[in-house]
Structure formats: C-alpha cells, structure tokens
Amino acid sequence: MHDLSSESVRLNFGKYEIPADLQLLLSIEEEFRAVHPQGLDFGMGLIPELGSFRYLCTPSDVIVFGSNGCDGIHYGYLTDFGEVESLDQAPIVCISPMDFGETNKLIAGSFRDFLSIALTDSALFYNRFESEDAYRTQVKIWEEEALASPYGCTPEEEKLRKELHERLRKDFDLPVIENPYAYIKEIQAERAASAVVLTQDTLHIVTNPLEKAELAEEELRLIQQVDPESEEEVRTSLDQCSLPAALAIIRNVELSAMYETRVVAQQYLRSRGYEDEARRVGVTIQGQEPIKSTYTILGTMTVRGNIDA
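To convert a position in the sequence shown, counted from 1, into the working numbering, add 12.
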C-alpha cells in the first residue's frame, strides 16, 4: 500500500491534490499484485513513485509519479511553476538522467494520453529516433529479439498482461493515439510555439496564451549568456530580469548546475512565493535529506546533503 499522507508524498505534491486517475491506477496496481508480485512494473513497465524520487535534473515544477526502474528514468506532471489548476490538466514529462544534455522531454499532453502510449510505445518516452521509420525499424528488431529470447513471458503471463491492458483502457476510457511518434513531436512543437522563452531543457516557460508577453531582446540574450554554474551571474541576472526570464534561468540551472547556484535558485523561488518548488530544489534523489555536498554518480548529477527543504 502507498501511504498518500506521508511527508515525502506531501512534499512532492505540494499544493496539489493527488489526482483521482492516479489513485485509481494505484488501486488497480494493488489488485494486480495479487496475481503478479511485480505489479505494474511487469504489467506496463511503470513503478509508482509518489515520494520525492528526484535527480538533480528533475525540474522543481515537476511532480514525480513513477519510474521505469532503469537508469533513473522517471515520469511526472509538469505544473509550469504551479500555474496548472489541477494535475488532471498537467502535461507529462519524462526525465532520463543518463541521457546527458537531453534529460527532460515532454511526452504527453495528459495523464491518460501517457497511459495510452505507455501500453504500446513506451520506448518513445526515453529513446530518441531520427525519424519515425527509424523507430519502426528498431521496434521490429526488439520484437525479433524478444521472440528469440529464452527469457520471455510465459503464455500465462502474456494473458495477465493483456487482461491488465484491457482493464486500463476500459477503466480510464483511454484515447486511441494512432501515431504516438507524431503525437509526441506535435505536442513538443506546440509547447515551443506557445512559449514565452525557450530553455535548454526543451520544457520552456509558458504562460496563459491570453497573457503571453514578448521578452525584450536584451533579456533573451541574457538568458542565453548567463552561466548556470556561476553563482554571481545567476544571482545578478535573477535580480534584474522579469519573472519569465528568471524562471527560464532557473530551468537552465536545474538542468545542469551544482550546489552553489541551486541555493541561489532556491532563494529566488522562495522570495517569489514558489514555496513548493523551493522545497523540491532541496530534495535528494531519495527524498530523505536536504542537500549538503555534491558528487557525481556515473556522470549523473545527483546531490545529497544541505539545502534546507
């Protein structure tokens, strides 16, 4: 059972209620575990992670809800720094800590779209392909390898998985996404087109389309020029630029910077009332300790130690 009232879960979700769809998925997983001990991990490659499962590259406005159990890859609701009214309306992102330089990726416009693709084409979430043809070719290779492998599922396990997928499609009334590859490309392009400013992590900064404001060229240049590793540059830039520009700088800091500039980012977020995001900045990969020292694991910037949560 998942303790939805635990401190780590509340820190992760902040001001947001845990969506009914996510609670339904957790309930289905509990039932499925009665017939297969690996639960949704076996059924669809998803491990629920409701506490503060975070890597350094996890954006502070992302609420993590699951992982795939490999290379730290995890999924979350993108709240746009608390601007979405409810998580039912939030787009879904995939964070791949080992995909250096391209860790963060928009993968679905909603939780149900995410589930729909996860049942058939989850490899699109954490792999990058030059074209749809390249993806289809790779899928065929994977299918052939699976057929030849002596470690495949038994007929009974295949039946269980099929039954789970059918139930998920029915209970969530999942949309049919005919071309997941094109769908993901489309929502990424739409987000970039609606952004006030583009950021290195490709998640960008967006606002209500009716309130979209153009940033001055000087601010756009500043965002590109500021070194996310320089405490002085980050602090000075945050103090002098507009809120959208500051949030863009913070996105860049969260993508690649280490301890010192993360403290600056946390202080800025807290000063502007982004308390949930500020607390998440201070969470370690396991969500247990505030940040104190920095070190690198296999090139992935994971932090433990001493930013106050």
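Where is the CB? At the ideal position from N, CA and C, for every residue including glycine.
9 Å Cβ cutoff met for residue i and residue j
| i | j | result |
| --- | --- | --- |
| residue 60 | residue 36 | no |
| residue 254 | residue 231 | yes |
| residue 75 | residue 108 | no |
| residue 173 | residue 54 | yes |
| residue 352 | residue 246 | There is no way to answer for residue 352, as the model of the chain reaches only from 13 to 321. |
| residue 116 | residue 267 | yes |
| residue 193 | residue 144 | yes |
| residue 292 | residue 58 | no |
| residue 29 | residue 134 | no |
| residue 280 | residue 234 | no |
Residue environment, residue i, which counts as buried when at least 16 other CB atoms sit within 10 Å
| i | result |
| --- | --- |
| residue 162 | exposed |
| residue 80 | buried |
| residue 125 | buried |
| residue 32 | exposed |
| residue 104 | buried |
| residue 159 | exposed |
| residue 44 | buried |
| residue 77 | buried |
Under the three-state DSSP convention, the category residue i falls into
| i | result |
| --- | --- |
| residue 297 | Residue placement at residue 297 is flagged as unreliable, the pLDDT there being 29, under the threshold of 50; the coordinate-derived value follows with that caveat. Reduced to three states, the DSSP call for residue 297 is coil. |
| residue 222 | For residue 222, the predicted model reports a pLDDT of 45, less than 50, meaning its position is unreliable and no value from the coordinates is stated. |
| residue 60 | strand |
| residue 197 | helix |
| residue 174 | helix |
| residue 208 | strand |
| residue 127 | helix |
| residue 30 | coil |
| residue 189 | coil |
| residue 139 | coil |
DSSP bridge partner residues for residue i (one or two, in chain order)
| i | result |
| --- | --- |
| residue 88 | 76 and 105 |
| residue 116 | 107 |
| residue 217 | 209 |
Nearest to residue i (by Cα), restricted to the options the options
| i | options | result |
| --- | --- | --- |
| residue 189 | 167, 145 and 130 | 130 |
| residue 17 | 46, 64, 56 and 45 | 64 |
| residue 208 | 171, 180, 257 and 175 | 257 |
| residue 288 | 77, 91 and 263 | 91 |
| residue 69 | 48, 283, 106 and 62 | 106 |
| residue 170 | 56, 15 and 41 | 56 |
| residue 202 | 142, 42, 120 and 67 | 120 |
| residue 263 | 72, 66, 49 and 14 | 72 |
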